[in-house]
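Take a look at the structure below.
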Amino acid sequence: MILRHAKDCTWDGVPVLPYKEDGTIFKSVTRQVLFDGTGDLPVQFRYFEVGPGGHSTLERHQHQHAVMVIRGSGRVLVGDTVHEIGMRDVVHIPPMTWHQFRAPEDGPLGFLCVVAADRDRPQRPDESVLAELRTRPEIAEFIRV
Ligand code: MN
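Following the working numbering, the numbering of the sequence shown begins with 4 at its first residue and continues without gaps.
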């Protein structure tokens, strides 16, 4: 089975969906599901694109993410560190680790993301978690909630 790449990180027949529909805080993110596995490969393989100036939701959860950047560049918070990320860099988000992706103002950040098909719901930070995260100036500047 081949899913043909169409143009600019879209694929033939794959709808470009909203990132989430759960009312959490994010900006300019789209989602495409490239593979929806069952049986001995129970994973979802997705492509997310964060538009210029956009960001994903600040969240954590028990399930993990394996991510590869395939368009543009940006920054990601993983735990207590903000990393610069670029083409073909691979990011692992371990269990219960706060994370958020941001695109630069002048371009998109697109990445592939593998996740377990059966997974827990993301948690959002409460005020005490935000206060703790913001004790680090680098994180206070970075996060969008
Ligand atoms: Mn996540």
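All C-beta atoms in this analysis are idealised placements derived from N, C-alpha and C, irrespective of residue type, glycine included.
Residue nearest to Q47 within the set R91, G56, Q67 is Q67 (criterion: CA-CA distance). Secondary structure note for V85: its beta strand (DSSP E) is the uninterrupted segment 84-88.
By the Cβ-count criterion, F38 is exposed, with fewer than 16 other Cβ atoms from all chains shown falling within 10 Å of its own Cβ. Ranking P18, E52, R137 by CA distance to the CA of F29 puts E52 first. Each of E62, H64, H68, I96, H102, P125 has a C-beta closer than 7 Å to some heavy atom of the ligand MN; these make up the full list, in chain order.
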